[in-house]
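Protein chains: 2
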Amino acid sequence: MGSAMAWPLNDRGHDVQLVGTHLDADIIASCKETRIHPKLKRELPKNVQPFYIEEIEQALDGADLILSGVNSLGVHWIGKKIGPYLRPGQAVLAITKGLECDNDGNLRILPDVLAEEFPADVRDRVTCAAVGGPCIAAELAGRRDTSVMFGCRDAAMAKEIAGIFRTDYYHIWPTDDLVGLEVCAALKNAYTLGIGLAEGFLDRSGGVDEAGAHMYNIAASTFAQSTVEMDRMLQIMGGTRDLAYGLPGAGDLYVTTQGARTVRLGRLLGKGHTLTEAREIMAGETLEAAEIIREVGTALPKLEERGLVGDDDLPLMRALIRIIVNEEILESLPLDAYFHDMPAHL
Amino acid sequence: MGSAMAWPLNDRGHDVQLVGTHLDADIIASCKETRIHPKLKRELPKNVQPFYIEEIEQALDGADLILSGVNSLGVHWIGKKIGPYLRPGQAVLAITKGLECDNDGNLRILPDVLAEEFPADVRDRVTCAAVGGPCIAAELAGRRDTSVMFGCRDAAMAKEIAGIFRTDYYHIWPTDDLVGLEVCAALKNAYTLGIGLAEGFLDRSGGVDEAGAHMYNIAASTFAQSTVEMDRMLQIMGGTRDLAYGLPGAGDLYVTTQGARTVRLGRLLGKGHTLTEAREIMAGETLEAAEIIREVGTALPKLEERGLVGDDDLPLMRALIRIIVNEEILESLPLDAYFHDMPAHL
Chain X
2 MGSAMAWPLN DRGHDVQLVG THLDADIIAS CKETRIHPKL KRELPKNVQP FYIEEIEQAL
62 DGADLILSGV NSLGVHWIGK KIGPYLRPGQ AVLAITKGLE CDNDGNLRIL PDVLAEEFPA
122 DVRDRVTCAA VGGPCIAAEL AGRRDTSVMF GCRDAAMAKE IAGIFRTDYY HIWPTDDLVG
182 LEVCAALKNA YTLGIGLAEG FLDRSGGVDE AGAHMYNIAA STFAQSTVEM DRMLQIMGGT
242 RDLAYGLPGA GDLYVTTQGA RTVRLGRLLG KGHTLTEARE IMAGETLEAA EIIREVGTAL
302 PKLEERGLVG DDDLPLMRAL IRIIVNEEIL ESLPLDAYFH DMPAHL
Chain D
2 MGSAMAWPLN DRGHDVQLVG THLDADIIAS CKETRIHPKL KRELPKNVQP FYIEEIEQAL
62 DGADLILSGV NSLGVHWIGK KIGPYLRPGQ AVLAITKGLE CDNDGNLRIL PDVLAEEFPA
122 DVRDRVTCAA VGGPCIAAEL AGRRDTSVMF GCRDAAMAKE IAGIFRTDYY HIWPTDDLVG
182 LEVCAALKNA YTLGIGLAEG FLDRSGGVDE AGAHMYNIAA STFAQSTVEM DRMLQIMGGT
242 RDLAYGLPGA GDLYVTTQGA RTVRLGRLLG KGHTLTEARE IMAGETLEAA EIIREVGTAL
302 PKLEERGLVG DDDLPLMRAL IRIIVNEEIL ESLPLDAYFH DMPAHL
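Line by line, the protein sequences give chains X and D. Count the first sequence with this note's numbering and you get residues 2 to 347, in order. Count the second sequence with this note's numbering and you get residues 2 to 347, in order.
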């Protein structure tokens, strides 16, 4: 995703230095030799120059904006890595999706986790922002219409950074609700895993039956409950509730259910595999959804102790925690516990 | 769908008289001869007895509850047909999804349109209710978990009717917001057509590109805008807004996008076929989505005149109206006009 954002930047006339981590050395080698990005399967636009991680100082020299697209396990590392090169006035745009639970049960958004690794004298003098909403990288790099939100606590900066990236195919709505945006971006992965469970239950039951019945009805009620629980989490964390139902919530949840990886993990777990087994089957793939559910699982008892979450709150997330943290194999989802706090119901 | 609801009724020990319209004579003949429902491809449960339309008087004799599952073009007809047999105290449960625009631009829900056809002396003495939420008939008849809402203006009756149908696989939440439930149930068809357009745009652009890019990002932002516009329509029509984000809105929208018919219609229209051409290609299929968009298209100018809808309200629906009512071929969706009234955006 980090690489894909080079396309709109290039098209807006910006120079882009694309730096791979040590895990991406092969990608960068290919980019340098052939100018083809092997993951995105496209030729790099002309204003994009690839760099190895060892060349990071040169790459960051003079950058107005630094974009971090490492996976969620690499956030602390990249913060330490870029920290020494940061200059006051720069902006840092975080793409990585996740949440990190602190000792008090607070779920911290990753732009804040990242910034904490920056040197103290520069930390408050750079602007941290993030991207949320439905975006499949291959489509953005293919210059296909994509609508997202850019979040920054500083409203003016949210607008300014959005303006840097906006093209006729990259539609960007700025928001100052950075926390809400990041909560949705993270949770949509967790809940997509939940929606994917239905396919696994179907497999376990013997598959599509003789009359052609799938288990889409279970997936659909789980989709609806997912947006309801994202709304609930936004309330708990002080985010703007309508994000749950806009691009960052429902929109990103929808696009993620159309993708492969997280749905596949859910399907394996629904079929009756433990997380350990599913990890082996999907070796080499980053399972962000499992990491996020684990962090929420750590936070939940502490949030309950503090009276922020009730016993019957978040029944779907609680089922996901049983599967991911306790490695339980569930026979079904708690459908009757869904929607209990929706005022429209009698 | 009407037939599928015989399964939970049977399982709750009720006797079910299944009446086909004149269009369903073959289905009823098959049910009578073989006890196999040819559309649902399942054996009828033992408490279900099939009847031809000519046998309707006998079928309705002694019924506590009458369920109407005709398509939206048949609502007036079925109202006239069952009217003479209605008795005070009976309940009528409407499954048909749609809206009907009156001369003032009011979008009327079909249970009300149906009731208007009943004889005046019984109209106010029967209870009208409806079903909404994500339900693929084949799954309900397969006794697979299904979660829906039953709506009735009389809260006690909503609960009572829900109680008649509820089983361990048919999860029902009652609501007294009959209007909101029906608005969502109808609009989800219209908006699924909108989401399906993205696949047609993809076809028109030459399909998946050399790097594997689809147009899921367009579909996802359209999904999000669909729930936002359902919310807006609920505000206009006085419904409970959170229905847009629960089972009747987001949930039913999701399941409908997993189905074939409405997405296929959207795809044909997005590919560049006019509605007339698409109707020919899909001859024999009921295109409920087109009927609903047409009714909203008739209502919108009148709602604007009355100050209930603003110029920039409902940009996605307006695009759908151009396609369906004006038979325009659109190059794209108005993505930049989406979300303009979402408070989370700057």
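For each residue, glycine too, the CB sits at the ideal point set by N, CA and C.
is_contact[Q18(X), chain D] using C-beta, thresh 9 Å: no
Can you check which of these residues, L269(X), A214(X), S148(X) and C136(X), is closest to G201(X) by C-alpha distance? L269(X)
Beta-carbon gap between I322(D) and G267(D) smaller than 9 Å: no
Since F151(X) contacts A159(X) with CB under 8 Å, what's their CB separation in whole angstroms? 6 Å
For Q259(X), return the contacting residues in chain D, with the cut-off set at a CB-CB distance below 7 Å. Y217
What residue from L301(X), R319(X), G311(X) and Y339(X) has the CA that sits closest to G106(X)'s CA? L301(X)
N218(X) and D155(D): beta carbons closer than 9 Å? no
What first and last residue would you give for the alpha helix (DSSP H) that runs through E281(X)? L276 to I282
Locate the alpha helix (DSSP H) running through G164(D), then write down its first and last residues. A156 to F166
Pull the bridge partners of V49(D) from the DSSP assignment, please. V17(D)
Which residues of the segment 176 to 210 of chain D have a Cβ closer than 8 Å to any Cβ of chain X? Give them in chain order. T176, D177, D178, G181 and D210
For I57(D), report the span of its alpha helix (DSSP H) as first-last. I57 to L61
Answer with yes or no whether the minimum CB distance from C136(D) to chain X is below 9 Å. yes
Alpha helix (DSSP H) runs wholly inside the segment 283 to 315 of chain D, at least 4 long, in chain order: 289 to 306
Just by C-beta distance, which residues in the segment 159 to 176 of chain X are closer than 8 Å to chain D? A159, K160, H172, W174, P175 and T176
In the DSSP assignment, find the beta strand (DSSP E) that holds E211(X) and state where it starts and stops. First-last for E211(X): undefined, no H or E at that position.
Where does the unbroken alpha helix (DSSP H) through I219(D) begin, and where does it stop? Y217 to M238
What first and last residue would you give for the beta strand (DSSP E) that runs through A186(X)? Note, A186(X): premise wrong, no beta strand (DSSP E); alpha helix (DSSP H) at L179 to R205.
Pair every Cβ in the segment 89 to 100 of chain X with every Cβ in the segment 108 to 121 of chain X, then say whether three or more of these pairs are closer than 8 Å. yes
For the segment 227 to 245 of chain X, which residues have a beta carbon sitting closer than 8 Å to at least one beta carbon of chain D? T228, V229, D232, T241, D243, L244 and A245
Alpha carbon of A291(X) to alpha carbon of S73(X), nearest angstrom: 11 Å
So which residues on chain X does T147(D) lean against when the C-beta distance must stay under 7 Å? N218
For V71(D), which of helix, strand or coil comes out of DSSP? coil
At a Cβ threshold of 9 Å, is V256(X) touching chain D? yes
According to a CB-to-CB cut-off of less than 8 Å, which residues of the segment 25 to 57 of chain X neighbour chain D? L41, K42 and R43
If we ignore side chains and look at the alpha-carbon of each, how far apart do E305(D) and L182(D) end up? 23 Å
Given C136(X), which residues of its chain have a CB within under 6 Å of its CB, disregarding the five upstream and five downstream residues? T147 and V149
Quick one: does A345(D) have its CB under 9 Å from some CB of chain X? yes
Thinking just about the alpha-carbon of each residue, which of I28(D), R262(D), A7(D) and G3(D) is nearest to the one in V71(D)? G3(D)
Classify T176(X) as helix, strand or coil using the three-state DSSP reduction. strand
Beta carbon of V180(D) nearer than 9 Å to that of G134(D): no
Below-9 Å beta-carbon distance, M318(D) vs any chain X residue: no
Below 8 Å on the Cβ atoms is my contact criterion, and I expect I348(D) with L66(D) to pass it. Report the Cβ-Cβ distance as a whole number of Å. Coverage of chain D is limited to positions 2 through 347, which leaves residue 348(D) absent and any answer about it impossible.
Spatial distance of A5(D) from K303(D) (CA atoms): 38 Å
Contacts around D177(D), its chain only, beta-carbon distance under 8 Å, and the 5 residues preceding and following it disregarded: G152, C153, R154, D155, A156 and A159
CA-to-CA distance, G90(X) to T128(X), given in whole angstroms: 7 Å
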